[in-house]
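*Asks:*
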Amino acid sequence: MRIFGFRPALWPTLITVPAVILTFGLGVWQVQRLFWKQGVIAERQGRVALPMLDGLPAKFDPAAQEFRRVRISGAFDHGHELLRPARSLKEGAIGFQVFTPFKLDSGGYIFVNRGWVPQQRALPDARREGQVAGEIALQGLLRVPPRAGYFVPDNNPAKNRWFRIDLAQMAKATGLGPFKSYYIDAGPAANPGSYPVGGQTRLTARNEHLQYAITWFALCLTGIVIYVLYHRRREKKQAEA
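Every letter in the sequence shown is one number past the one before it in the numbering used here, and letter 222, counting from 1, is 398.
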């Protein structure tokens with residue numbers, strides 16, 4: 177049987193057809209991921225644009241309320257702050273995010289990611305102006321702990337290094353409680369002494385699916401072209417023999 181003007185050879189066909197199907201399928205999958213990621217980003221930005229909540233919700237629904245803006249009142253417990261190794265949102269500089277227990281006027285505690293500090297400002301004595309005392313009103317975004325990757329190290333409570341946002345483990349390390357099952361990313365309002373730098377929430381997400389899709393579709397097309405050219409040259413040689 178002749179296809180595209182030539183008779184397909186067995187082994188090139190057995191190798192090329194699955195490869196073409198696989199690369200085309202991966203391209204389609206990346207397109208689907210692209211639309212999904214765009215939807216995630218749009219949803220986050222849409223929630224941030226909603227009216228600010230006055231106080232924590234009576235029942236927190238992460239599927240509907242994560243990334244909502246909220247205003248709460250209470251006081252920081254700076255004596256139990258925890259450090260999470262992280263890069264700054266804008267410059268990508270190495271440092272830490274400062275997680276501090278916040279005692280709510282309504283009772284109990286919630287962790288607040290106050291923002292980023294450089295390595296040389298990790299110790300509280302290096303940023304005393306930012307250790308705000310007394311009752312304050314705080315604005316931020318409701319957050320749930322992100323899923324940690326396989327290669328993220330385990331937390332090291334002894335050295336106060338928290339690579340994974342495990343709120344239960346973090347609460348146990350402070351000896352305080354009870355804590356909410358979610359936390360707050362502080363807003364961009366400047367702190368005294370400039371540190372911590374708030375507003376570290378990533379509302380966008382890494383989105384390279386379009387490039388991946390183009391790569392897979394290009395490989396699929398390349399496989400087809402090579403397959404056709406191989407057979408045409410093969411047919412030409414056979415005709416000349």
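Idealized CB from N, CA, C, for every residue including glycine.
Source: prediction; values computed, not measured.
Please classify D361: does DSSP put it in a helix, a strand, or coil?
*Replies:* Note: D361 maps to strand in three-state DSSP.
*Asks:* Could you check whether the segment 353-370 touches the segment 273-289, counting it as contact only if at least three pairs of C-beta atoms, one from each stretch, sit closer than 8 Å?
*Replies:* Counting Cβ pairs under 8 Å, three or more are found: they touch.
*Asks:* Answer with buried or exposed for V293, where buried requires no fewer than 16 other C-beta atoms within 10 angstroms of its C-beta.
*Replies:* buried
*Asks:* Look at the alpha carbon of R337 and the alpha carbon of Q273, and state the distance between them as a whole number of angstroms.
*Replies:* Each residue's alpha carbon lies about 10 Å from the other.
*Asks:* Quick check: the segment 327-335 against the segment 396-411, are at least 3 beta-carbon pairs closer than 8 Å?
*Replies:* no
*Asks:* Identify, in the order they occur along the chain, each residue of the same chain with its Cβ nearer than 7 Å to the Cβ of L386, setting aside the five sequence neighbours on each side.
*Replies:* Hits under 7 Å: L210.
*Asks:* With H, G and I counted as helix, E and B as strand and the rest as coil, what does DSSP make of D253?
*Replies:* coil
*Asks:* For L190, which three-state DSSP category applies?
*Replies:* helix
*Asks:* Just verifying my parser: in three-state terms, what is the DSSP assignment at A366?
*Replies:* coil
*Asks:* Give me the Cα-Cα distance between R245 and Q376, rounded to the nearest whole angstrom.
*Replies:* 14 Å
*Asks:* Are E257 and P300 touching if we call contact CB-CB under 8 Å?
*Replies:* yes
*Asks:* Quick check on DSSP: helix, strand or coil for V274?
*Replies:* strand
*Asks:* If you follow the alpha helix (DSSP H) that A381 is part of, which residue opens it and which one closes it?
*Replies:* Taken as a continuous stretch (DSSP letters only), A381 belongs to no alpha helix (DSSP H), as it is neither H nor E.
*Asks:* What's the gap between the Cα of A240 and the Cα of A302?
*Replies:* C-alpha separation (whole angstroms): 39 Å.
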